[in-house]
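Going by the numbering used here, the sequence shown opens with residue 35, and the numbers climb by one from there. Read through the structure below, which is laid out as structure tokens, and then see the notes.
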Amino acid sequence: SEVSSDVTVRRSSSPATPDLWSGKRYYAFSPSDLSDRVVFETSPGGGAHATAAEYVLEMQIWGLQPAANERIVVSLRADVENDSTLIQRDTITADGPHRVALINPPGNYVRRIYGYLRVIAPSSKVYVDSLRLTPGESVSVDQLEPPLPPLE
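Put into structure tokens, the structure is as follows:
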């Protein structure tokens with residue numbers, strides 16, 4: 035079931051936005067490789083990063099051939115304090131920039147973030163580049179709209 039609320043998420047592009055990704059930023063996959071995936075695990079640390087409204091995995095993809103049924107399956111997960119696991123899955127079927135956002139409901143304290151990227155059926159080189167994992171912050175919709183002038 036889906037829950038809607040009056041909250042949007044704004045991510046800052048300032049240097050103050052932490053990048054939680056701790057692995058390599060670039061991977062290349064080919065049919066002869068022994069591994070077809072990248073597995074990752076990290077901790078958001080304490081404070082505001084552990085209670086962020088979302089965690090966003092961003093990447094740039096090159097070399098996918100949709101006609102050959104090539105795709106990348108992404109699984110992004112977070113273990114939260116109440117022994118629950120948040121899960122977001124996506125399938126990438128085209129080159130270009132991609133982002134997968136894992137929504138963290140208010141009040142959850144995230145202990146760890148983990149998951150994988152798996153390249154399915156590479157028939158030639160497939161590249162994953164510019165990997166980033168960043169927390170987003172929740173902002174009330176009212177804060178995004180300019181204040182109205184007083185009525186006279």
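Each residue gets a CB set at the ideal place from its N, CA and C atoms; glycine is no exception. Quick caveat, the model's predicted, so the values are computed rather than measured.
### Task
Assign Glu104 to one of two classes, buried (16 or more other C-beta atoms within 10 Å of its C-beta) or exposed (fewer than that).
By one-based count along the sequence shown, residue 104 stands at place 70. Glu104 comes out buried.
### Query
The beta strand (DSSP E) spanning Glu92 covers which residue range?
By 1-based counting over the sequence shown, the position of residue 92 is 58. Per DSSP, Glu92 belongs to the beta strand (DSSP E) from Glu88 to Trp96.
### Message
Rounded to the nearest angstrom, what separates Val73 and Val108 at their Cα positions?
### Response
As a position in the sequence shown, residue 73 is number 39, starting the count at 1. As a position in the sequence shown, residue 108 is number 74, starting the count at 1. Put simply, the backbone Cα of Val73 is about 10 Å away from that of Val108.
#### Entry: DSSP state of Gly81 mapped onto helix, strand, coil
Position 47 of the sequence shown, counted from the first residue, corresponds to residue 81. DSSP, reduced to helix, strand and coil, places Gly81 within a helical segment of the structure shown.
### Query
So what's Ala155 in DSSP terms, helix, strand or just coil?
For the purposes of this step, residue 155 is taken as the residue at position 121 of the sequence shown. In the structure shown, Ala155 sits in coil (DSSP, three-state: anything other than H, G, I, E or B).
### DSSP three-state assignment for Pro139, whether helix, strand or coil
In the sequence shown, counting from the first residue as 1, residue 139 sits at position 105. Looking at Pro139 - three-state DSSP - the assignment turns out to be coil, as it is neither helix nor strand.
### Query
In the structure shown, what three-state DSSP assignment does Ala112 receive?
Position 78 of the sequence shown holds residue 112. In this structure, Ala112 counts as strand in the three-state DSSP scheme.
#### Entry: Residues of its chain near Gly130, where Cβ-Cβ distance is below 8 Å and the 5 sequence neighbours each way are ignored
In the sequence shown, residue 130 corresponds to position 96, counting from 1. The residues Gln94 and Ile95, in chain order, have a CB closer than 8 Å to that of Gly130 in the same chain once the five nearest residues on each side in sequence are set aside.
### Task
State the DSSP-derived secondary structure class of Ala102, mapped to helix, strand or coil.
Stepping through the sequence shown from its first residue, residue 102 is reached at position 68. Ala102 falls in the helix class under three-state DSSP.
### Task
Taking all protein chains shown into account, decide if Leu247 is buried (16 or more other Cβ within 10 angstroms of its Cβ) or exposed.
Given that the chain is displayed from residue 35 to residue 186, the structure contains no residue 247 and the question cannot be resolved.
### Query
For the beta strand (DSSP E) that Asp124 lies in, which residues bound it at each end?
For the purposes of this step, residue 124 is taken as residue 90 along the sequence shown, with counting starting at 1. For Asp124, the enclosing beta strand (DSSP E) begins and ends at Thr119 to Ile126.
### Task
State yes or no: is the C-beta of Ala84 within less than 7 Å of the C-beta of Tyr148?
As a first step, residue 84 must be located in the sequence shown, where it is residue number 50. As a first step, residue 148 must be located in the sequence shown, where it is residue number 114. Not in contact: Ala84 and Tyr148 (Cβ atoms no closer than 7 Å).
### Task
Using three-state DSSP, classify Gly57 as helix, strand or coil.
Start at 1 with the first residue of the sequence shown, and residue 57 comes out as number 23. Three-state result, Gly57: coil.
### Inter-stretch contact at 8 Å, needing at least 3 Cβ pairs: the stretch 162–170 / the stretch 48–62
Short answer: they touch.
### Anticipated Cβ contact below 8 Å, Val153 with Asp53, distance rounded
Position 119 of the sequence shown, counted from the start, is the residue given in the question as residue 153. Position 19 of the sequence shown, counted from the start, is the residue given in the question as residue 53. Their Cβ separation, rounded to whole angstroms, is 23 Å, which puts Val153 and Asp53 out of contact at 8 Å.
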